[in-house]
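S.K.: Sending over a structure as structure tokens; questions will come in a sec.
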Amino acid sequence: QNLSTSETANTLEEITNYNNYYEFGLDKGDPAKYAGQLTIDPWAVQIDGLVDRPGSYDLADVMRMGPVEERIYRFRCVEAWSMVIPWNGIQLSHILNKVGVQPSARYVAFETLLRPEEMPGQRQGFLDWPYREGLRLDEAMNPLTLMATGLYGESMPKQNGAPIRLVVPWKYGFKSIKSIVRISLTADQPPATWNLTNPREYGFYANVNPEVSHPRWSQATERRIGGGLFNSRQDTVMFNGYGDQVASLYAGQDLKRDF
Amino acid sequence: MQIVNQALRPVPSWSMYLLGLVPLSWLVLRGVMGQLGVDPVRTVEHDLGLRALQWICFGLAISPLRWLTGINLLKFRRAVGLVAFFYAVLHLSAWLFLDIQLHWGQIWGDILRRPYITLGMLALLMMLPLALTSNTWSIRRLGKRWQKLHRLVYVAGAAAAVHFLLVGKVWVGEALIYVGIVAILLIIRRVHSQRRASPAAK
Numbered sequence: 016q017n018l019s020t021s022e023t024a025n026t027l028e029e030i031t032n033y034n035n036y037y038e039f040g041l042d043k044g045d046p047a048k049y050a051g052q053l054t055i056d057p058w059a060v061q062i063d064g065l066v067d068r069p070g071s072y073d074l075a076d077v078m079r080m081g082p083v084e085e086r087i088y089r090f091r092c093v094e095a096w097s098m099v100i101p102w103n104g105i106q107l108s109h110i111l112n113k114v115g116v117q118p119s120a121r122y123v124a125f126e127t128l129l130r131p132e133e134m135p136g137q138r139q140g141f142l143d144w145p146y147r148e149g150l151r152l153d154e155a156m157n158p159l160t161l162m163a164t165g166l167y168g169e170s171m172p173k174q175n176g177a178p179i180r181l182v183v184p185w186k187y188g189f190k191s192i193k194s195i196v197r198i199s200l201t202a203d204q205p206p207a208t209w210n211l212t213n214p215r216e217y218g219f220y221a222n223v224n225p226e227v228s229h230p231r232w233s234q235a236t237e238r239r240i241g242g243g244l245f246n247s248r249q250d251t252v253m254f255n256g257y258g259d260q261v262a263s264l265y266a267g268q269d270l271k272r273d274f
Numbered sequence: 281m282q283i284v285n286q287a288l289r290p291v292p293s294w295s296m297y298l299l300g301l302v303p304l305s306w307l308v309l310r311g312v313m314g315q316l317g318v319d320p321v322r323t324v325e326h327d328l329g330l331r332a333l334q335w336i337c338f339g340l341a342i343s344p345l346r347w348l349t350g351i352n353l354l355k356f357r358r359a360v361g362l363v364a365f366f367y368a369v370l371h372l373s374a375w376l377f378l379d380i381q382l383h384w385g386q387i388w389g390d391i392l393r394r395p396y397i398t399l400g401m402l403a404l405l406m407m408l409p410l411a412l413t414s415n416t417w418s419i420r421r422l423g424k425r426w427q428k429l430h431r432l433v434y435v436a437g438a439a440a441a442v443h444f445l446l447v448g449k450v451w452v453g454e455a456l457i458y459v460g461i462v463a464i465l466l467i468i469r470r471v472h473s474q475r476r477a478s479p480a481a482k
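For the record, the sequence lines run as chains A and B.
The first sequence stops at residue 274 when you use our numbering, and every number in between is there.
The second sequence stops at residue 482 when you use our numbering, and every number in between is there.
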């Protein structure tokens, strides 16, 4: 099954100079300016909670848990802009299967590195650091859900969440947590940073949904980055166009309530 | 301070319009050179809005500057206000034509339901009668009412600053600085007018 889009990907220049990565500052150019100082080697990911083989896994061990594939995905930010990004990474399901998910696990929690001395944004208190996100287990096991370790066939640039980050293409970008140091399998819904900060504006599910407006702007259309000053807006598609793969996950669920 | 005022005396008030065109020229130049970054729409929209707010602050600062330092820029005030209005109109145009691209359903929805856009629109609408009555004929014609009408700029300035603050996902940085500047300028006015009103200060 080919999960990649045939749409034209954004350039590496665009993908690496327009980032929301508040650990390095609020401006979209800040991550490119300040992420260089981040140490990403050595890197370990703590995998714990309701798993058979918990432990601290070296990045190289995680990389061996499944084949590294190229996935060209649409990426839709909650701020109503979008890109097309050629990721390289391992399906999260492969990793979870390797560590053994226990039957009582229902959610997967993720945590970003906490290192204020290298991440200037963390020295300010505008978010409750470290950044945290979570998925329901069935979302995490979906073949689309990727642990990305690279872009355009090269290792992940630091401003894009090196060395390893989540990519969930049918959800708003803030779900795709960067620079992951911990993955926990839990029975209860884990805390998610934006959801905690402003639950009215950012839901736990955060599925791309043109019908559900952000309280401060409409989500019906989006601007595709890269078309210049006179690029036309395009309609936002339910589940960012990945409905065939993921709509069944939410059968019977009211997505206006569970936004 | 007399030196500053003397130096300013031969400077014609229309020179402020030329100064007002400098930020726009710089933006256009950056555009021509392809230096507007990955998302030029956002850069242009944000830059024009920021200029509008900066010129509003400049206008609001003219009287406090005279009270506190004696520097008199009153003759430039009309030009400063009109430049602010000019940038606000360009900012709105950038939103309408480049960003939202005349999706009218979304535009009305945004104006009515999104507080930050409502505030931004209100700020601009309040500046419209001020711009229209900025000519000498209106000043003569309206007399005391002109003064009263032009106090709307205080409300417009506060609305513009809060508009900027509410755009962001978190309340930090640049926007807070502008809210602070507008707040301080308005407080100085308040204190000044109270002092003038109370006989004890004389």
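Heads up, the beta-carbon is just placed ideally off N, CA and C, and yes, glycines get one too.
1. Compare the Cα-Cα distances from B/LEU304 to each of B/ILE283, B/TYR367 and B/VAL360 and report the closest residue.
2. Just to make sure I have the definition right: I need the residues of chain A whose C-beta is within less than 9 Å of the C-beta of B/GLY317. Which are they?
3. Can you check whether the CB of A/ALA235 is closer than 9 Å to the CB of B/HIS383?
4. State buried or exposed for A/ASN210, treating a residue as buried only when at least 16 other CB atoms are found within 10 Å of its CB.
5. Please confirm whether B/GLN381 has its beta-carbon closer than 9 Å to some beta-carbon of chain A.
6. By alpha-carbon positions, which one of B/LEU354, B/ILE457 and B/TRP294 ends up nearest to B/ALA341?
7. Let me make sure I understand the geometry here. Which of A/THR31, A/LEU244, A/GLN139 and A/MET80 has the alpha-carbon closest to that of A/TYR37?
8. Is there at least one Cβ from chain A nearer than 9 Å to B/GLY400's Cβ?
9. By DSSP's criteria, A/ILE195 is part of a beta bridge. Which residues make up the other side?
10. If we cut at 9 Å on Cβ distances, does A/TYR257 have a partner in chain B?
11. Report yes if the C-beta distance between A/PHE254 and A/TRP185 is below 9 Å; otherwise report no.
12. To the nearest angstrom, how far is it from the Cα of B/TRP335 to the Cα of B/LEU376?
13. Along chain A, which residues have their Cβ under 9 Å away from the Cβ of B/VAL324?
14. Can you list the residues of chain A that B/ALA390 reaches, using a CB-CB cut of under 7 Å?
15. Check whether chain A comes within 9 Å of B/TYR297, counting only Cβ atoms and requiring the distance to be less than that.
16. Put A/GLN106 into one of helix, strand or coil per three-state DSSP.
17. For the alpha helix (DSSP H) that contains B/VAL442, what are its first and last residues?
18. At a Cβ threshold of 9 Å, is B/GLY311 touching chain A?
19. Going by CA-CA distance only, name the one from A/ALA266, A/LEU270 and A/ASN17 that's closest to A/GLY15.
20. Suppose you measure from the CA of A/SER247 to the CA of B/ARG289; what does that come to, to the nearest Å?
21. From the beta carbon of B/ARG358, is the nearest beta carbon of chain A less than 9 Å away?
22. Just checking, does the region 429-449 of chain B make contact with the region 457-464 of chain B on the three C-beta pairs under 8 Å criterion?
23. Run down chain A in chain order and give the residues with a C-beta less than 8 Å from the C-beta of B/VAL321.
24. Using 8 Å as the threshold, is the region 60-69 of chain A in touch with the region 105-118 of chain A, meaning 3 or more CB pairs across them?
25. Residues of chain A with CB under 8 Å from B/LEU378, in chain order?
26. Return helix, strand or coil for A/ASP203, following the three-state DSSP convention.
27. Checking contacts by CB at 9 Å: is A/GLY267 closer than that to chain B?
28. Quick one: using the 10 Å Cβ neighbour count with 16 as the cut-off for buried, is B/ILE397 buried or exposed?
29. Considering only DSSP beta bridges, list what A/LEU181 is partnered with.
30. Leaving aside the five residues before and after B/PRO344 along the sequence, list all residues of the same chain whose C-beta is less than 8 Å from its C-beta, in chain order.
31. Would A/GLY243 and A/ARG91 be called neighbours here (beta carbons separated by less than 9 Å)?
32. DSSP three-state label for A/MET80, please.
33. Under the rule that 16 or more other beta-carbon atoms within 10 Å means buried, what is A/ASN157, buried or exposed?
34. Starting from B/ARG431, find everything on chain A with Cβ-Cβ shorter than 7 Å and list it in chain order.
35. With respect to the alpha helix (DSSP H) encompassing B/TYR396, which residues constitute its N-terminal and C-terminal limits?
36. In chain A, which residues lie with their C-beta within 7 Å of the C-beta of B/GLN334?
M.R.: According to the data block:
1. Mapped onto the second sequence, residue 304 of chain B falls at position 24. When each option's Cα is compared against that of B/LEU304, the closest is B/TYR367.
2. Mapped onto the second sequence, residue 317 of chain B falls at position 37. Simply ASN32, TYR33, LYS43 and GLY44.
3. By one-based count along the second sequence, residue 383 of chain B stands at place 103. By one-based count along the first sequence, residue 235 of chain A stands at place 220. Taking 9 Å as the Cβ cut-off, B/HIS383 and A/ALA235 qualify as a contacting pair.
4. Here residue 210 of chain A refers to the residue found at position 195 when the first sequence is read from its first residue. With 16 or more other Cβ atoms within 10 Å, it is buried.
5. Taking the first residue of the second sequence as position 1, residue 381 of chain B is located at position 101. Answer yes: the Cβ-Cβ gap between B/GLN381 and chain A drops below 9 Å somewhere.
6. Along the second sequence, one-based indexing puts residue 341 of chain B at 61. Answer by Cα proximity: B/LEU354.
7. Against the first sequence, residue 37 of chain A aligns to sequence position 22. Nearest of A/THR31, A/LEU244, A/GLN139 and A/MET80 to A/TYR37, Cα basis: A/GLN139.
8. If you number the second sequence from 1, residue 400 of chain B lands on position 120. By this cut-off, B/GLY400 is not an interface position.
9. One-based indexing of the first sequence puts residue 195 of chain A at position 180. A/THR127.
10. Here residue 257 of chain A corresponds to residue number 242 of the first sequence, with the count starting at 1. Not one chain B Cβ lies under 9 Å of A/TYR257.
11. Your numbering for residue 254 of chain A matches position 239 in the first sequence. Your numbering for residue 185 of chain A matches position 170 in the first sequence. It is a contact, given that the beta carbons lie within the stated cut-off.
12. Position 55 of the second sequence, counted from the first residue, corresponds to residue 335 of chain B. Position 96 of the second sequence, counted from the first residue, corresponds to residue 376 of chain B. Answer to the nearest angstrom: the Cα atoms are 22 Å apart.
13. Locating residue 324 of chain B in the second sequence gives position 44, where the first residue counts as 1. In chain order: LEU244.
14. Residue 390 of chain B sits at position 110 when you count from the first residue of the second sequence. According to the sequence as given, residue 390 of chain B is Asp; it is not Ala. Result: TRP232 and SER233.
15. Counting from one through the second sequence, the residue named residue 297 of chain B turns up at place 17. Closer than 9 Å: no.
16. Within the first sequence, numbered from 1, the residue matching residue 106 of chain A stands at position 91. Strand.
17. For the purposes of this step, residue 442 of chain B is taken as residue 162 along the second sequence, with counting starting at 1. Taken as a continuous stretch (DSSP letters only), the alpha helix (DSSP H) holding B/VAL442 covers 432-447.
18. As a working mapping, residue 311 of chain B is identified with position 31 in the second sequence. Chain A, which has a Cβ nearer than 9 Å to the Cβ of B/GLY311, makes this yes.
19. Only positions 16 to 274 of chain A appear in the structure, and residue 15 of chain A is not among them; the question remains open.
20. Along the first sequence, one-based indexing puts residue 247 of chain A at 232. Along the second sequence, one-based indexing puts residue 289 of chain B at 9. Cα-Cα distance, rounded: 49 Å.
21. Looking up residue 358 of chain B in the second sequence gives position 78. So, not an interface residue.
22. yes
23. Stepping through the second sequence from its first residue, residue 321 of chain B is reached at position 41. Correct list: ARG238, LEU244 and ASN246.
24. yes
25. Taking the second sequence and counting its residues from 1, one reaches residue 378 of chain B at position 98. Per Cβ cutoff of 8 Å: LEU244 and PHE245.
26. Residue numbering aside, residue 203 of chain A sits at position 188 when the first sequence is read from its first letter. Of the three classes helix, strand and coil, the one that applies to A/ASP203 here is coil, per DSSP.
27. For this step, residue 267 of chain A is matched to residue 252 along the first sequence. Chain B contact via Cβ: absent.
28. Sequence index remark: in the second sequence, residue 397 of chain B carries index 117 (1-based). Its Cβ being crowded by 16 or more others within 10 Å, B/ILE397 is buried.
29. If you number the first sequence from 1, residue 181 of chain A lands on position 166. Beta-bridge pairing links A/LEU181 to A/MET162.
30. Counted from its first residue, the second sequence places residue 344 of chain B at position 64. Only LEU465, ILE468, ARG469 and HIS472 meet the Cβ criterion.
31. Along the first sequence, read from residue 1 onward, the residue named residue 243 of chain A stands at position 228. Along the first sequence, read from residue 1 onward, the residue named residue 91 of chain A stands at position 76. Against a cut-off of 9 Å, the Cβ pair of A/ARG91 and A/GLY243 comes out as no contact.
32. Within the first sequence, numbered from 1, the residue matching residue 80 of chain A stands at position 65. A/MET80: coil per DSSP, three-state reduction.
33. As a working mapping, residue 157 of chain A is identified with position 142 in the first sequence. Buried.
34. Translated into the one-based positions of the second sequence, residue 431 of chain B becomes position 151. Neighbours of B/ARG431 on chain A: none; closest Cβ ~29 Å, over 7 Å.
35. Residue mapping note: residue 396 of chain B aligns to position 116 of the second sequence, counting from 1. Counting along the chain, the alpha helix (DSSP H) containing B/TYR396 begins and ends at 395-412.
36. Within the second sequence, numbered from 1, the residue matching residue 334 of chain B stands at position 54. Within chain A, no residue comes near B/GLN334; the closest Cβ sits about 18 Å away, beyond 7 Å.
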